[in-house]
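Colleague:
Chains as they are written, first to last, in the numbering used here: chain G, 216 to 798; chain C, 216 to 798.
#1: Roughly how many angstroms lie between the CA atoms of residue 316 of chain G and residue 774 of chain C, to the nearest whole one?
#2: Excluding five sequence neighbours on each side, which residues of the same chain lie with their C-beta closer than 6 Å to the C-beta of residue 276 of chain C?
#3: Counting Cβ pairs, one atom from each stretch, are 3 or more of them under 8 Å apart for the segment 518 to 526 of chain C and the segment 685 to 700 of chain C?
#4: Under the DSSP definition of a beta bridge, which residues are partnered with residue 660 of chain C?
#5: Below 7 Å CB to CB, which residues in the same chain sit around residue 646 of chain G once its five sequence neighbours on both sides are set aside?
#6: Decide if the segment 727 to 743 of chain G is in contact with the segment 700 to 717 of chain G; the criterion is three or more beta carbon pairs, one per stretch, under 8 Å apart.
#7: Any beta-carbon of chain C closer than 9 Å to the one on residue 317 of chain G?
#8: Where does residue 426 of chain G fall in DSSP's three states?
#9: Can you tell me whether DSSP reads residue 642 of chain G as helix, strand or coil?
#10: Can residue 404 of chain G and residue 341 of chain C be called in contact, C-beta distance under 9 Å?
#11: In the DSSP assignment, find the unbroken beta strand (DSSP E) run with residue 390 of chain G in it and report its ends.
#12: Going by beta-carbon coordinates alone, are residue 580 of chain C and residue 722 of chain C separated by less than 9 Å?
#13: Can you list the residues of chain C that residue 497 of chain G reaches, using a CB-CB cut of under 8 Å?
#14: Step through the CB atoms of chain C and report whether any lies within less than 9 Å of the CB of residue 313 of chain G.
#15: Note down the Cα distance separating residue 382 of chain G from residue 477 of chain G, rounded to an integer number of angstroms.
#16: Of all the CB atoms in chain G, is at least one closer than 9 Å to the CB of residue 488 of chain C?
#17: In chain C, what lies closer than 7 Å to residue 520 of chain G by C-beta?
#18: Determine the contact status of residue 676 of chain C and residue 622 of chain C, defining contact as a CB-CB distance below 9 Å.
#19: Per the DSSP calculation, residue 320 of chain C is bridged to which residue(s)?
#20: Taking residue 302 of chain G as the reference, give the member of G:296, G:338, G:364 and G:335 with the closest Cα.
#21: Looking only at its chain, what residues have a beta carbon closer than 7 Å to the beta carbon of residue 788 of chain C, apart from the 5 residues adjacent to it on each side?
#22: Give a yes or no on contact between the segment 532 to 551 of chain G and the segment 745 to 753 of chain G, applying the rule of three or more CB pairs nearer than 8 Å.
#23: Give the secondary structure of residue 287 of chain C by DSSP, where H, G and I count as helix, E and B as strand, and everything else as coil.
#24: For a test of the three-state rule: what should DSSP assign to residue 337 of chain C, helix, strand or coil?
#25: Give the secondary structure of residue 355 of chain G by DSSP, where H, G and I count as helix, E and B as strand, and everything else as coil.
#26: Residues of chain C with a CB under 8 Å from the CB of residue 309 of chain G: which are they?
#27: With burial defined as no fewer than 16 other Cβ atoms inside 10 Å of the residue's Cβ, what is the status of residue 590 of chain G: buried or exposed?
#28: Please confirm whether residue 478 of chain C has its beta-carbon closer than 9 Å to some beta-carbon of chain G.
#29: Under 8 Å Cβ-Cβ, which residues of chain C neighbour residue 491 of chain G?
#30: Is the Cβ of residue 780 of chain C closer than 9 Å to any Cβ of chain G?
#31: Quick check on residue 777 of chain C - is its C-beta less than 9 Å from some C-beta in chain G?
#32: Are the Cβ atoms of residue 656 of chain C and residue 679 of chain C separated by less than 9 Å?
#33: Would you list, in sequence order, the uninterrupted beta strand (DSSP E) runs of no fewer than 3 residues that lie entirely inside the segment 430 to 496 of chain C?
#34: If you measure from the CB of residue 681 of chain G, is any heavy atom of the ligand MG nearer than 8 Å?
#35: Let me know the secondary structure DSSP gives residue 536 of chain G once reduced to three states.
#36: Could you name the residues of the same chain whose beta carbon sits closer than 6 Å to that of residue 664 of chain C, not counting the 5 residues immediately before and after it, in chain order?
Below you can see the structure in the form of structure tokens.
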């Protein structure tokens, strides 16, 4: 069941039809659904209280749909230098002349620079392994610490997991860490099941801070998703979970907190202080992650309250930290993070742009899943493409940007964002004009009718949806402008604009340029880099040098809080205009 | 119930009287008890199988008696430099201009050189502590790692526990680690309940290597004793267990293994290889010890298979590592460890001497507990002192040495160790001579008769007991001689002879000299230093410099395996003579 608002009765995404056995509608339901729909039996699953035996009809649009997630990103090869490594040792057998302790035998064979185990299970298992294997063992070394011994020569069985924890989506990359290069063996992804408690970070921060139990629920939710992904990738790869000895994680600041189960105590209100910022390295088992019990988890450092390790991952993947020219990265996930960089100087900010493009604030918005309109063209008639070639159930981010851009182009929406009445747009083709309808909600534009042969209800874009699009893209554009100003630059100075994240990958550039979501740069300066945050996770899994680099980036990037900047709201107002920018 | 032999039916210490409801006596019982005693209903509790309803009479001598343990030792003051310390911090409150993360706020206030927590619980609790305390916290730092945060200024509440795990006895010292000096606040001791599985290390090594379950039982047994001691000392001191943030442990090599639950896989047979030798530092909670869950346990390094951390403790306490003159320490616990030292050169060995002096191999031997004869004088009559002024139940180590020395002096035992017949010692006073009796076991000397007004059976010294005493003292003396030879020295060159351990403390020096347990040195060169191993534990608890010193000692001491030394058995034969040595 979808619940972007976290069960607050505000998004209307959990619509169900119930005939009887439920209590009276709540105020939230009355406001959102209106008496007519209530009379038809429509209710919100998050609000309606069951009072007896009830039959509930769940429309497909209320279910969490099969989703489209892009897990490929920009590639960058680094010399393999993983934090965890295996060393095969052939030990001398003890004798009267060589009565060294088992562990000393191992440590001396390893040579200097490696410290003995700190954990009791490793100490306890060592003598048995050494003896059962006839003094031929493989040492597993994480950092400078011996963490485990295995019988025989198992150097080939060494895997790591890179995990990108998005607010909406979790992607896991199983990587083979042995050998000349680190290779991605399997990839799997799934929705972040924390979404059942709220679609955006703000609602999850709120929930996490209500009680230890709530925080634990959120922590378990994401760990369960990761465990499921692990199960999938190891089955595909035909390996044991125990062969995974290291995990590297990126996520935004809130995701990093919830993944570790650390209360985001100061993250819910001004001045938005995180509980920790730097890199963390903890034991996977302490978090409930089912890999080798001695495996470590590297949690990539965050930059600030709302610019997290995922942004560090984007910078690392795209090497913005060593850019000479002016380069900008925009990662539109559930939040929209922007990084501007030139000659090693880096600024980053976060905007709450994402939810609109991920469907949360759009009346019929949905994620890029089967049934989502992901592209719209308007000529004599409206032509929508639906993911999975199914009947349309709603509108995803790229479809939204297309729809708004096309409606502006044909004059059904003004540059200022007002959706016009049919009579105000006399030039519209007949089949397009009739889609502009007025009802108690104001003006709406019908993108898809059931009469076009589709099952289900019509998919419409409302005047309110256009406004949400303006707010989101205005925030991104204004934020980018403001940060460029820190470097004494302007949008058209950008030498390379990187669009990261799924949205950046699927968006039609022409539409984004047309409505001024991104500046009017020559198209060759705009590059989609896919899931760059995930690439960053793979980099810190592959190399401790990249970890040091990530930590350096996290310290060096200047975190800009937009709302506190003078001039932000002026720029924001300008940037809301639906036209190519800058003017 | 006493069970020095580990339930093998060999020591006869678990004698009980049963009338019916038990199966036929085992071969071990027939051999040990004889038909006459079996007919009276005497059985061994470790052998007799219950076949139905049975009434069992347990004589006081079979119960583990209230015991006498010396926990005071040689004192040595060191500048306090414990591994764990508390730092009170008054943190700046977050603001828009100072949005540093909670943890960064703490780490920066701590200054450089301290690393952030590695454990998830510490990360999780930090934000709550920081905020609940109004940004006034106390950081607990172990080594270079922040391990916990506490609300407010709790610097005064910092305790450590020094533990001496003996094969027979466990002693715990609660120490206050805050302030100008480390102070012992409370001391408690108890028997090592592993003894129920066998009195000596050999039987426990055997048991530990039978199965993981058996090893776990031994580990739990000692941890339970320690937890009981903790409960006692914290109640006496009126503190919470959570205030204990560090534990330092000494024990012999076997005890170190069993305490950590590490299988002593190679310790049971030639070449007696331990599983680990160096110092270990693990989390108390991983071992099941009930102190602060973040507390660390420092396990002092061992020297070799049978010379353990307790000997390191003795060397540390008595500073043998920096002796100019020739100094020797003899620690007679359940094993007898000997250290010889001169100008920084150190040799150590272990002998299986202890069990005789702790009662295990002596027919009516017992620990120094209520009812034990602890001193014997022979004049016109035999005069015994009994601990607790009770009726005598047996003979403890100091009583045994006295008895043998006195019997040799009066001519009832020859220098070669033969107990004579009454007619071979015509000069014996009448009341002494009549105590030499002959029965099916050979010749015995009655130390205490029931007719002297005591309750219970007679306490006798057998010819076999004299032989066990010879074997034990012979091993110690020969070992000492052999190690002195490594330094080109002889027994009379010893400038200071330290007697460590309870036995060393209570033994009558004249008797020890008379039977050649120790060399005939001027009495002022002999010093009892009490539980020096325990002092060593307190030193490594008090100071990381002492830990480094202990580690250096453990590496530097040369471990001598007596049985492999040429000439050992010759010396041993000479050293068994019951007369002042050297001749």
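Ideal placement from N, C-alpha and C gives every residue a C-beta, glycine not left out. Since we're looking at a predicted model, the values are computed, not measured.
Modeller: The structure says:
#1: Spanning the two alpha carbons is a distance of roughly 13 Å.
#2: Bear in mind that a pLDDT of 47 at residue 276 of chain C, under 50, signals an unreliable position, so the number given afterwards is only what the model happens to contain. These residues qualify, in order along the chain: 608.
#3: No, the segment 518 to 526 of chain C does not touch the segment 685 to 700 of chain C.
#4: In the DSSP output, where bridge partners are listed per residue, residue 660 of chain C has C:651 and C:676.
#5: Hits under 7 Å: 595 and 596.
#6: The segment 727 to 743 of chain G, when compared against the segment 700 to 717 of chain G, does touch it at the 8 Å Cβ threshold.
#7: Interface residue, yes.
#8: Residue state, collapsed to three classes: coil.
#9: Assigned with DSSP and collapsed to three states, residue 642 of chain G falls in coil, not helix or strand.
#10: No, Cβ-Cβ distance for residue 404 of chain G and residue 341 of chain C is not below 9 Å.
#11: For residue 390 of chain G, the uninterrupted beta strand (DSSP E) run begins and ends at 384 to 391, by DSSP.
#12: Taking a C-beta distance under 9 Å as the contact criterion, residue 580 of chain C and residue 722 of chain C do not qualify as a contact pair.
#13: Against chain C, the beta carbon of residue 497 of chain G has neighbours under 8 Å at 333, 334, 335 and 338, listed in chain order.
#14: So yes, residue 313 of chain G belongs to the interface.
#15: Approximately 16 Å between the Cα atoms of the pair.
#16: Cβ-Cβ to chain G under 9 Å: yes for residue 488 of chain C.
#17: Here the neighbours are 314.
#18: Yes, they are a contact pair.
#19: Residue 320 of chain C is not bridged to any residue.
#20: Ranking the options by Cα distance to residue 302 of chain G, first place goes to G:364.
#21: Counting only Cβ-Cβ distances below 7 Å, and skipping sequence neighbours, we find nothing.
#22: Touching, per the Cβ criterion.
#23: Here residue 287 of chain C scores only 45 on pLDDT, less than 50, and its place in the model should not be relied on; the value that follows carries that caveat. DSSP places residue 287 of chain C in coil when its eight states are reduced to three.
#24: Residue 337 of chain C: helix per DSSP, three-state reduction.
#25: Three-state DSSP puts residue 355 of chain G in a strand.
#26: Residues of chain C passing the Cβ test: 481, 486 and 488.
#27: With a threshold of 16 other beta carbon atoms within 10 Å, residue 590 of chain G meets it and is buried.
#28: Chain G places a beta carbon closer than 9 Å to that of residue 478 of chain C, counting this residue as a contact.
#29: Identification of chain C residues near residue 491 of chain G by a Cβ-Cβ cut-off of 8 Å yields 316, 317, 318, 319, 331, 338 and 341, ordered along the chain.
#30: Taking Cβ atoms only, chain G never reaches closer than 9 Å to residue 780 of chain C, which makes this a no.
#31: At a cut-off of 9 Å between C-beta atoms, residue 777 of chain C does not count as an interface residue with respect to chain G.
#32: Cβ distance < 9 Å, so residue 656 of chain C and residue 679 of chain C count as in contact.
#33: For the segment 430 to 496 of chain C, whole beta strand (DSSP E) runs of length 3 or above, ordered along the chain, are 459 to 466.
#34: With respect to the ligand MG, the structure offers nothing, as it holds no ligand at all.
#35: Reduced to three states, the DSSP call for residue 536 of chain G is helix.
#36: Once the five neighbours on either side are set aside, the close Cβ partners of residue 664 of chain C are 673.
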